[in-house]
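To keep things clear, I will list the structure first and then write my remarks on it.
Numbering (UniProt numbering), first residue to last: 1 to 1169.
Written out as structure tokens, the structure reads:
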């Protein structure tokens, strides 16, 4: 008798009005859409969804909430009156339903049971043997039938030609289990179960070192001996069946009648049967299965696969040799003609560029390009031979590890004719080679998983890489699920967080292979599917558990520490739902001969197929999750990592120039490289309701002459590596800067002229040369050519001269910083993070021509047209930023300016730019306009901000820094303070602040707060000879700096003046510097008594305050100048101040200790002139 879950309960109230009704019968069927309140174990529960017959209020419990897996939600305790009037239900009952036609899943296989006893296998893992040798015969075929629906993702499976064997069928249970096998019978697969089956595997002649090299050699020798005297022998590159008897001869377990096989078939006589009409074996069985499907009105496609884990040894050599590629392709054409039932060829190369068996030949650099050539030649040959009417598909089986995908030239394969990618989204964890317990076939990674760690990989990560980075069409991707588990020993899931170590040498449970229990074995011993609700086998101490971070299932035995990662009906259904939602081509399993139909059913149902009424099993109850737990992601750098690291070149520069960290050396400039700090970005959960965090990124930050052994300090630079910027670190990055053609007097006038000349020299005859107003890259090599420090692989750059850069002046071909930002944006998307990009025009050194441009109608048009051209060349950008320093004057002395007309002309420019952007790109691809604005009220007033807003300006990046600086400031002060001291004159020249500027913008000019982005500084402003009482300093003194007098950058500050290494101490000064906090302005400085070295700076504390202010005022965001001067500590502070939630396991450093104030002091306000 088959048992269904049925729960006796009582209807306490008929509806939500709580009117008492009649007793409710046992839940045997779905409730429908009504709402019930029921009494169960003294408590009242209400259904929030339709109630399925397996939903029990008792499994929710007091205070429990409803879910799609159990519709009941606790409401309250039942009253005594209700219990007296209605009665109570003490607990659920599991009762047999008479006449139920549905069979149980399992059945007894005596040979398997005898094997357990022979080898001393115990299902709880306590026996002498960790291998069970469970045959497929322990499970009945449970495939349901589903209605055809061509709009749904296809369901496919690989079928192996060794699955049929089990020596026990001939010899019984012997002492030597090496020939025990699955013994899978192809007749267990209904003809309508799959849309495609992939025969696996063919081998490639030439593999002389792989584990099946002898079998290959025997088949090749046998083939050639069967040829006629005039027939050419097969040679290296030719595909062959590796097991002629299993593929062509046998009838057992392949769906063919006894007596119809070729039982004396061997390597020496198989060629007469190597064709569709005469084949027995698995090929003959697939022929008959396809014919049966056709008779039942179902299309069953067949493909054949070449390679696999054990047969990939010769792919690299074959793909590299044109003659061998020709042999390979010709043999594929021959196979299609011998077996026209096949419509697809699958290449399972594991893996291009290496990473497969150690014996495999590989070429890390050339395998990918050679693969692309092979696919192109194969596509051409197939189309020439079979045409469009008999189109033969090409598919590949591909790793789901991004680092392996990167070596496979996937985009080129697609361009050259590849139809489908079977994404092997399994084996992401396995005993012995995985460093930590994990999931082997999970769909998603846990939040906060480190992008490049090699841990916590997932199918979703690989699919996003394929789709969004490589541009693979979604319908070309087939998502894999596993009909086997990956097991280990020594796991302990009891702690929180879970200790992810295990016994790498332990005897992990398996079926025929250590650590690889197959689905029949799992159902028989560890996973209970007999009573429909999926659960662990209580008798064998296994518990079904669900990792709620990765939404993945495991089986766990807490007694022995046995751990099995697996796909369950629930997880397969989720994968199929994902495939349908994202428009994937299908979902498939490795392998169909390891499933009894339960996972295939789940795939059908998740993909949206409707079961026919004749279903063998109701899958609904099997979709429940297990006991919740969390595997927090592995973060390679632990949370106690130091911020600083030693950089020899920086130390050499200190010695060369005579710099000392206490400021007493010969040089006031340190030339500290960014390499002295590690990347310390924490990961936070993106939240569009929070103030955005942005940063400018400069195109000169990457350079440092020391990397090329240049010994002149004038050539030393930051050497910042874009890889140090976390892909989730910011919501927007602003590329800086583009120049404007026409600037003939600024400090970079010669460079601009050179770029303009180079641009015009590359134009074709008849093209109009660019002229005044046109935007240009100021450093084409840095922006388009270089690969160093921009996050691009070596060898992918462009070393051309200035007269060649236009060929790379586009999103697809650019290297340099533009190429690096392209890749960073793609990688952010892989992490589920939206990273917007903007490009900025101008800046301090490149604002010389703005005034002349905005007053000239033609120059304005050229400027706008060139912005549109840039957006079209680089569609990754969604915003243009204009950094005019400053309208009406106040910038470089060489700048042109017009105090009266710059503001109105600026407004004209913004209005015209808004109109043209909207006309070209529309609402669907709206391009934002932002400006970088001074935080000095007098300069703000010359910019006509209200008119800019009215004419279409989207955002103002308020440069709330450089309010103090050595040499030009009359008194010491703060360069990036949020607040002014009480009593400061808001219209005065001293003690300016961010708050004064923001209050003016909002209260006086009517700027919407959400358009304002508040700035913080990743550098300090310093002076020498500072007196904190009088506010005097030495104006012409040698103030400490990194590359510029008076401007120490954050890397330099952390290395020499500001201690962030000791969390117990908190933020503090070092090398004679004291961290001090001006309690009047709530701003921080570093100060050295005696010398009067004084550094005004933003600290983690003040940046957090700014972000809290931005949130309280409803501002659009906070931003930094510049992101390439931060190691992540200030970006973390901005995130935390804005209220972002730390991602699980996303912490590299605990920021809280560094939010302390320094020693209190007061800079009293300076009276206005």
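Ideal Cβ positions, reconstructed from N, Cα and C, are used throughout, including at glycine. Owing to the predicted nature of the structure, the values given are computational and were not obtained by experimental measurement.
Residue 957 has its alpha-carbon roughly 40 Å from the corresponding atom of residue 548. The shortest C-alpha to C-alpha distance from residue 376 to any of 1021, 403 and 325 is the one to 325.
Among the bridge pairs identified by DSSP, residue 1093 is matched with 1088. Counting along the chain, no alpha helix (DSSP H) covers residue 393; the unbroken beta strand (DSSP E) around it starts and ends at 393–399. At a Cβ-Cβ threshold of 8 Å, residue 526 and residue 555 count as neighbours.
Contact annotation: residue 603 and residue 587 have beta-carbon atoms nearer than 8 Å.
In the DSSP annotation of this structure, the continuous segment of the beta strand (DSSP E) that includes residue 1121 starts and ends at 1117–1121.
When rounded, the separation of the alpha-carbon atoms in residue 1013 and residue 993 is 14 Å.
Runs of alpha helix (DSSP H) with 4 or more residues, each lying fully within the segment 545–620, are found at 569–581 and 598–607, listed in chain order.
Boundaries of the beta strand (DSSP E) around residue 959: 955–959. Under DSSP, residue 543 shares a beta bridge with 556. Taking a cut-off of 8 Å on C-beta distances, the segment 330–347 touches the segment 394–402, as three or more cross pairs fall below it. The beta-bridge partner set that DSSP reports for residue 1049 consists of 1019.
Bounds of the alpha helix (DSSP H) holding residue 222 are 213–225. Residue 302 and residue 194 have their C-alpha atoms spaced approximately 10 Å apart. Between residue 1054 and residue 1069, the C-beta spacing is not below 8 Å. Distance from the Cα of residue 703 is smallest, within the candidate group 1043, 378 and 563, for 1043.
Residue 239 is a Cβ neighbour of residue 332, given a cutoff of 8 Å. In the structure shown, residue 156 adopts extended strand secondary structure according to DSSP, grouped into three states. Closest option to residue 86, judged by alpha-carbon separation, among 58, 42, 73 and 64: 42.
For residue 1100, the enclosing alpha helix (DSSP H) begins and ends at 1100–1113. In this structure, the CA atom of residue 329 is about 21 Å from the CA atom of residue 230. Looking at 663, 648, 718 and 741, the one whose alpha-carbon comes closest to that of residue 674 is 718.
DSSP places residue 43 in the uninterrupted beta strand (DSSP E) bounded by 43–47.
Classified as buried, residue 544 has 16 or more neighbouring CB atoms from the shown chains inside 10 Å of its CB. Taking 4 residues as the shortest admissible run, the segment 884–933 contains the following complete alpha helix (DSSP H) segments, listed from N- to C-terminal end: 902–921.
In this model, residue 594 and residue 158 are separated by some 10 Å (Cα to Cα).
Secondary structure remark: continuous beta strand (DSSP E) runs of at least 3 residues inside the segment 667–705, in chain order: 692–698. The three-state secondary structure of residue 433, taken from DSSP, is coil. In the DSSP secondary-structure assignment, residue 73 is bridged to 46. When Cβ pairs closer than 8 Å are counted between the two stretches, the segment 480–498 is seen not to touch the segment 106–124, the count staying below three. Looking at the backbone, the Cα of residue 315 and that of residue 211 are separated by about 15 Å. Going by beta carbons, residue 840 and residue 990 fall outside the 8 Å limit. Between residue 842 and residue 882, the gap from beta carbon to beta carbon is short of 8 Å.
A straight line joining the alpha-carbon of residue 250 with that of residue 275 spans about 15 Å.
Of the candidates 351, 657 and 299, 351 places its Cα closest to the Cα of residue 308.
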